[in-house]
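Chains as they are written, first to last, in UniProt numbering: chain F, 1 to 618; chain C, 1 to 389.
Next comes the structure, spelled out in structure tokens:
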């Protein structure tokens, strides 16, 4: 009787949600009992206080009638909202009831490295049946963050949840209501099955490929050029809506996730991209969103009509909903599906849900040829395929401007009918010597300009304002205003066909004993160069870095995750002042799992056990 | 400071039309596309009215009531709102210095800014020297030096001091193996088909697979065909070591064992991969234990008609360096096969197909065929299944 089970389950879910804040008794799952009714709860409760208990368990999951494998924390997906307070220490006891090792990483939190939660880097992991205590010293920050497993591919199965840290001082962002919107995915596939298919079937999940019968604005020459390169202009996301149901706080688009408001109220929405493999385009048709925080850090308010959020990023925005209801749309970047939530003035109120927009195509800029697609490049057509016809002064101009005007580098005409014949898409002589050239590197960005002014794949040239990294200005001044003493370049490398991903052409399995090293308190400018046609959200554990985005030096926005657009680059300034070993990786789960991972070592880690080391207990 | 900031935030939140005047056409596109979406569709109402989740607000803030709309000319507003959309500016005449002022806080303008203080005259890209480009893009050059000695050296072992080297070992090895060190098993029946031709119907299989990591793999292949009323016309198995030698190609070497028409063993060396224009290529040379040298070239091309309906032309050429009468092979061009198969991917892994294939024995091979009373040219109509896992 699946229908009956389902109704009972939904009822239970609504009941528990209604009792937020009064839940203090120990529920069944925390006592080791099987998860409720065999199915995991959708949506999350809240845990807070000086001591927090979390229990990791496995079981079946169901979204919109589809069932799949699940890993839940405290019985729900997403797991509970961990509510912390700036300035207060917290002990978090995590019990692993899985039959495999597990872990929890506090994404964006400044913690002693041994409590960062990455098995093999910061600690040994949590063994089956074990309880591990994260003894976190007084929290040094406030804002919106999240937590997730850093073991194997558990995150895909539901092992994640939100973190909100209340500031010690009055919050500069005032709102009448404060909600978390955690975006993620559901799939009926086992996470390892997804990895398997990505490795073996090129474009396995992509059902928006070019065909003889498609409607893409590509000429025959464009199509031949892409085929010649052995690449796909539709390679936007590796895993798509063909298997994913996109979730808002654990609920599918037809499951009616809603946030209540009273007319005239200011609503704060804390958007967390807790997905494994998805970027989302977030918008509320008819409303302006005022971005007030990025990755937990307050920024000067930016009014936008849409923003793209990369995997593992967070954005807080303020919105004043009008009318009876408004729809929050989080469309996957490839537009193969969407997560939907409603701002409702009364329970059940709904606004229209817009249709999915046409899928985007990769552009010249995504191929690493920013600025080459317009102006002086006209001379290239029919030029025998040689670079000789290129107007180099025009290119230089494009380089400068493209950093400023995304609309020009990623003009809506995807290829401009350019003849790419003979152009070397893999000129490895342009790479620094420490990049390993091999089968794992299928492309070298020819002109990897700073693309922080780009709103993200598919969003250039829209008639409404879309957020870019260049819009972000820190609200409070930064404390380290030193000019970086050195700069380094890290190349993001990959092979789409073989599904190989790495930094500098070397998978982590090849460099696990050769970390990226920083002296304690060293200030370094890091340039990330994306030699692939995919956008990568690069995450550094244990630190915030400042985007070199054109903001004044003391107002460069601090982030823990930065999207490097395809064929482009991004720079950040890092003050390496958190001693220890830290994971540094692409936050697309299967890219990380394929090898796009490194360890960053900041010298000066304690060589004696931490006073309050927490750790194992019985 | 804080209350003031809160005020700014509140001010910025007022949906003042004036705030939009600066960027109603933010991107100033050369080819403005019509808005792709805002045509709202009928709301997909939940089927059951019970299907909703209404969480309580995570926080009710202090009764900071929404203020009355602020004067729209307040300079604080323009500071709290983002810089005017840059796309709207005409860059041919744009004064970068002036733009700095508009975008940046006064007092700090002119500090390390990556893109603005750019001297166009210096941006000579003629040499396409990217290191030079980087330098030009920075107000103050930052040296690209190696980490200082204080950064330390050696493998990352900070956690050993906390948890002990022994406790860390297993997880460290697991991490290394998981992040790039995995091995995969692949099996594919590219063609598993029933062949209809004049006189006698037959069968054909063409399967392959591998086990291994990204670079090094064990690769196996098997193919054969025959008629249902006779012994197999051909049957072979190859066991190969495969190494990735470029982004798209593998070099393969190993042995091939034939079971039909005769038992025979070959040494194999070949190349398999994806050629420009997405041709799947498999080319190999075979040296038999009798000293005979032959070669085979196979090419396939997937042409998507729709997302699931795929037309696959296929060509195969067999060559021989000498006559091999007992196998019916003549020196030079031995056989040529041209076929086309139309498959429907029920799933990516499972695709039934229909097709037609024409094969010719050429030159002396054709003579051998006629001697055996066979037609050197054969047309097969095929029905089969392509599957992999």
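Beta carbons are placed, not taken as given, at the ideal position from N, Cα and C, and that holds for glycine.
Sequence-distant residues of the same chain with beta carbon closer than 6 Å to residue 250 of chain F, five excluded per side: 42, 43, 77 and 78
By DSSP, does residue 248 of chain C sit in helix, in strand, or in coil? coil
Residues that DSSP places opposite residue 491 of chain F in a beta bridge: Its beta-bridge partners are F:529.
Please confirm if residue 278 of chain C has its CB atom under 8 Å from at least one CB of chain D. Considering every chain present, this structure includes no chain D. Its protein chains are F and C.
Would you kindly check if the distance between the Cβ of residue 523 of chain F and the Cβ of residue 569 of chain F is under 8 Å? Here residue 569 of chain F is not near residue 523 of chain F, since their CB atoms are 8 Å or more apart.
Whose C-beta lies closer than 6 Å to the C-beta of residue 388 of chain C among residues of the same chain, with five residues either side of it excluded? 188 and 349
I'd like the list of long-range same chain contacts for residue 448 of chain F, defined as Cβ closer than 7 Å, with 5 residues on each side in sequence excluded. Short of 7 Å from the beta carbon of residue 448 of chain F, and not among the five residues preceding or following it, lie these beta carbons of its own chain, in chain order: 368, 529, 530, 567, 568 and 569.
Straight-line gap, residue 498 of chain F to residue 291 of chain C (C-alpha atoms, nearest Å): For residue 498 of chain F and residue 291 of chain C, the distance between alpha carbons rounds to 36 Å.
Report all residues from its chain with a CB closer than 8 Å to the CB of residue 127 of chain F; omit the five preceding and five following residues, and keep chain order. 96 and 101
Using a Cβ-Cβ distance under 8 Å, would residue 350 of chain C count as near chain F? no
Taking the beta strand (DSSP E) that residue 197 of chain C belongs to, which residues open and close that run? Note, residue 197 of chain C: premise wrong, no beta strand (DSSP E); not H, not E.
Could you run through the segment 243-255 of chain C and flag, in chain order, every residue whose CB is less than 8 Å away from some CB of chain F? 244, 245, 246, 247 and 248
Over the uninterrupted alpha helix (DSSP H) stretch that includes residue 508 of chain F, give me the two end residues. Residue 508 of chain F: member of the alpha helix (DSSP H) spanning 508-511, first to last residue.
Would you call the segment 128-146 of chain F in contact with the segment 104-118 of chain F, where contact means no fewer than 3 C-beta pairs closer than 8 Å? yes
Under the three-state reduction of DSSP, which class applies to residue 261 of chain F: helix, strand or coil? coil
Any beta carbon from chain C within less than 8 Å of residue 212 of chain F's own beta carbon? yes
Return helix, strand or coil for residue 332 of chain F, following the three-state DSSP convention. strand
For residue 576 of chain F versus residue 541 of chain F, is the C-beta distance shorter than 8 Å? In this structure, residue 576 of chain F keeps its C-beta atom at 8 Å or more from the C-beta atom of residue 541 of chain F.
For residue 495 of chain F, would you say it is in contact with chain C, using Cβ-to-Cβ distances shorter than 8 Å as the test? yes
Can you pull the chain C neighbours of residue 522 of chain F, defined as C-beta to C-beta under 9 Å? 147, 148, 150 and 151
Just tell me which of F:254, F:125, F:82 and F:161 has its CA closest to the CA of residue 403 of chain C. Only positions 1 to 389 of chain C appear in the structure, and residue 403 of chain C is not among them; the question remains open.
Extent of the continuous beta strand (DSSP E) run through residue 289 of chain F: 289-294
Which residue's Cα is closest to the Cα of residue 146 of chain C: F:534, F:604 and F:526? F:526
Would you say residue 515 of chain F faces chain C, with C-beta separation under 8 Å as the test? yes
Taking all protein chains shown into account, decide if residue 264 of chain F is buried (16 or more other Cβ within 10 angstroms of its Cβ) or exposed. exposed
Chain C contacts made by the segment 476-492 of chain F, where a contact means CB separation under 8 Å: The residues in question are 483, 484, 485, 486, 487, 488 and 489.
Could you check whether the Cβ of residue 159 of chain C sits closer than 8 Å to any Cβ belonging to chain F? yes
Could you check whether the Cβ of residue 434 of chain F sits closer than 8 Å to any Cβ belonging to chain C? Contact of residue 434 of chain F with chain C is not assigned, every C-beta pair being separated by 8 Å or more.
Would you say residue 168 of chain F and residue 86 of chain F are within 8 Å of each other, going by their C-beta atoms? yes
List, in chain order, every chain C residue whose beta-carbon is nearer than 9 Å to that of residue 117 of chain F. Ordered by position in chain C, no residue passes the 9 Å Cβ test against residue 117 of chain F, which lies about 11 Å from the chain.
Under 8 Å between C-beta atoms, does residue 228 of chain C make it to chain F? Contacts with chain F at 8 Å (Cβ-Cβ) do not include residue 228 of chain C.
Sub-8 Å separation of residue 364 of chain C and residue 302 of chain C beta-carbons: Their beta carbons are not under 8 Å apart, which means residue 364 of chain C does not touch residue 302 of chain C by this criterion.
Whole-number beta carbon distance between residue 50 of chain F and residue 621 of chain F, since they are thought to touch under 8 Å: Beyond the ends of chain F as shown, which are 1 and 618, falls residue 621 of chain F; an answer cannot be given.
Taking 8 Å as the cut-off, does the segment 356-370 of chain F touch the segment 309-322 of chain F (at least 3 CB pairs, one atom from each stretch)? no
Would you identify the three-state DSSP class for residue 190 of chain F, choosing helix, strand or coil? coil
Counting contacts by CB-CB distance shorter than 8 Å, is residue 383 of chain F in contact with chain C? With a pLDDT of 32 at residue 383 of chain F, under the threshold of 50, the predicted position of this residue should be treated as unreliable, and no value is reported.
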